[in-house]
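Contents: one structure, followed by commentary.
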Amino acid sequence: MAKINLYDRAMKILSSLYSDLALKLLFPDQVIEVLDRRKNVELNLPEKRVDFVQRIRIGGREYLLHVEFQFRFNRDVPKQAFVYSALLTEQSGLPVITVVLFLERTESELPDVYEVRVGDHVVHRFEYPVLKLWDYEKKIRSGNLRELAPLLALVSEKKDAEMLAQERALILGEKDAKKRADQLALAVMVASRYFDKQFLWDFFREEVAQMQTSTFIDDWIEEALLKGEQQGLQKGLKKGLQQGKAEDILSVLSLRNGGTPSWMEEKVRSIQDKEELDGLLKMAVTAPDTKAVEAYLMGTGRIGA
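Using my numbering, the letters of the sequence shown map in sequence onto residues 12 to 316.
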């Protein structure tokens, strides 16, 4: 069974959506021109593919920006940074800027150097910048790094409904509909590490329809299948859409009637069929009054009558 790193995947998706993301973290005060993004860069190592590579220009000189995303530290990171940087330098012919971005908050010291020692003597030394995502929590919350909002659950010390509400508000501020859909889907995917999945689907109920237009939702379902979670994911998407439709129906009925009796709310929310909900919503909006809806819910009428 394939091993899936959701957080590494999340960063790759965000980096593809916002090509200057790593640059904003690494060089916040520099004027940098992004020349191109190099996708699926493979190195001559068994099954090794670097996370993110971009050709950039700073002060008239071209560089290759290489970013490795690490959920948490492991002892191979310094050597990996050194080897990848050397191979990319040879492959591209450009000076390479290698950066390691850590995602999960930790108080442990994160090394930023790879050394070869003979006794106490340092023979070789390779240093690389280390970025800690949690250092940018305030900027994310303020909206200055709105692109990273889907990862707020990763960096926030207090993980609760208030944090999710702020995360959702930041994402909904994204004007590009496609990027917004991807961000919403990523937010649920990442937060599922810390929150009950059904709670998340209920919390993001009104945004589920947008998530279904995400560019990677099909891949996500396929990955969920590998983990045995496909049924739960599809159920969550379906239930979110059903609940949203039911709430739309009740809102229309409430506006037209000045309120909705509890028996009617229970009946509407109990409907599971999408076509039935669609028809009932159309009836609630277009019928001369709400009596036809009431008759249908009581079992004495039909949709379209």
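Note that beta-carbon positions come from the ideal geometry of N, C-alpha and C, so glycine has one too. The structure displayed is predicted, hence computed values, not measured ones.
- Query: Is Arg204 buried or exposed, if buried means 16 or more other CB atoms sit within 10 Å of its CB?
  - Reply: Position 193 of the sequence shown, counted from the start, is the residue given in the question as residue 204. Per the 10 Å Cβ criterion, exposed.
- State the DSSP-derived secondary structure class of Tyr74, mapped to helix, strand or coil. If you number the sequence shown from 1, residue 74 lands on position 63. Note: Tyr74 maps to strand in three-state DSSP.
- Val61 in three-state terms, based on DSSP: Position 50 of the sequence shown, counted from the first residue, corresponds to residue 61. Three-state result, Val61: coil.
- Going by CA-CA distance only, name the one from Lys190, Phe215, Ala202, Trp212 that's closest to Thr224. Locating residue 224 in the sequence shown gives position 213, where the first residue counts as 1. For the residues Lys190, Phe215, Ala202, Trp212, the minimum Cα distance to Thr224 belongs to Lys190.
- Item | Endpoints, alpha helix (DSSP H) assigned at Ile108 | Start at 1 with the first residue of the sequence shown, and residue 108 comes out as number 97. That residue, Ile108, is in no alpha helix (DSSP H); its beta strand (DSSP E) goes 107-113.
- Item | Sequence-distant residues of its chain with Cβ nearer than 8 Å to Ser30 (five each side left out) | Here residue 30 is taken as the residue at index 19 of the sequence shown, counted from 1. Cβ within range, chain order: Val45, Arg48, Gln65.
- Message: Considering only their Cβ atoms, is the gap separating Phe210 from Ala198 smaller than 9 Å?
- Response: Taking the sequence shown and counting its residues from 1, the one referred to as residue 198 is at position 187. Taking the sequence shown and counting its residues from 1, the one referred to as residue 210 is at position 199. In this structure, Phe210 does not lie closer than 9 Å to Ala198 by Cβ.
- Taking one C-beta from the stretch 108-125 and one from the stretch 140-148 each time, how about it: are there three or more such pairs within less than 8 Å? Touching, yes.
- So who's on the other strand from Lys143, going by DSSP bridges? Walking along the sequence shown from the start, residue 143 turns up at place 132. Beta-bridge pairing links Lys143 to Phe113.
- Item | Buried/exposed call for Ser26, threshold 16 Cβ in 10 Å | Along the sequence shown, read from residue 1 onward, the residue named residue 26 stands at position 15. By the 10 Å Cβ count, Ser26 comes out buried.
- Query: Using CA coordinates, which residue listed in Thr301, Val78, Pro272, Ala192 is at the minimum distance from Leu99?
  - Reply: Within the sequence shown, residue 99 is the residue found at index 88, counting from 1. Nearest option by C-alpha distance: Val78.
- Own chain partners of Tyr74 with C-beta closer than 8 Å, once the 5 adjacent residues on each side are dropped: As a working note, residue 74 is residue 63 in the sequence shown. Around Tyr74: Arg66, Ile67, Arg68, Leu105, Pro106, Val107, Ile108.
- Task: State the start and end residues of the unbroken beta strand (DSSP E) segment that holds Val129.
- Result: On the sequence shown, position 118 is the one that residue 129 refers to. Segment 124-129, the beta strand (DSSP E) holding Val129.
- Task: Quickly, what does DSSP pair Gln81 with across the bridge? List them, please.
- Result: In the sequence shown, counting from the first residue as 1, residue 81 sits at position 70. Bridge partners of Gln81: Phe113.
- Message: Here's the rule I'm using: 16 or more other beta-carbon atoms within 10 Å means buried, otherwise exposed. How should Pro89 be labelled?
- Response: Along the sequence shown, read from residue 1 onward, the residue named residue 89 stands at position 78. Taking every protein chain shown into account, the CB of Pro89 has 16 or more other CB atoms within 10 angstroms, so this residue is buried.
- Could you check what DSSP says for Arg204 in three-state terms: helix, strand or coil? Here the question's residue 204 lines up with position 193 in the sequence shown. Looking at Arg204 - three-state DSSP - the assignment turns out to be coil, as it is neither helix nor strand.
- Message: Going by DSSP in three states, Arg86 sits in which element: helix, strand or coil?
- Response: Looking up residue 86 in the sequence shown gives position 75. If DSSP states are grouped into helix, strand and coil, Arg86 belongs with coil.
- Leu159 and Val201 look like a contact to me (Cβ under 8 Å); what is the Cβ gap, rounded to whole Å? Along the sequence shown, read from residue 1 onward, the residue named residue 159 stands at position 148. Along the sequence shown, read from residue 1 onward, the residue named residue 201 stands at position 190. Between Val201 and Leu159 the Cβ distance is about 11 Å, and since that is not below 8 Å, they are no contact.
- Would you check if the distance between the CB atom of Arg136 and the CB atom of Glu120 is smaller than 9 Å? Here residue 136 refers to the residue found at position 125 of the sequence shown. Here residue 120 refers to the residue found at position 109 of the sequence shown. For Arg136 and Glu120, no; Cβs fall outside 9 Å.
- Query: Which same chain residues, not among the five before or five after Leu264, have their C-beta less than 6 Å away from its C-beta?
  - Reply: Position 253 of the sequence shown, counting from 1, holds the residue named residue 264. Cβ neighbours of Leu264 beyond the five flanking positions: Thr271, Ala295, Thr301.
- Task: With DSSP as the reference, label Glu217 as helix, strand or coil.
- Result: Within the sequence shown, residue 217 is the residue found at index 206, counting from 1. Helix.
- Query: Between Asp62 and Lys23, is the Cβ-Cβ spacing less than 9 Å?
  - Reply: Locating residue 62 in the sequence shown gives position 51, where the first residue counts as 1. Locating residue 23 in the sequence shown gives position 12, where the first residue counts as 1. Their beta carbons are under 9 Å apart, which means Asp62 touches Lys23 by this criterion.
- Message: Helix, strand or coil for Phe93? Go by DSSP, reduced to three states.
- Response: Along the sequence shown, one-based indexing puts residue 93 at 82. Three-state DSSP puts Phe93 in a helix.
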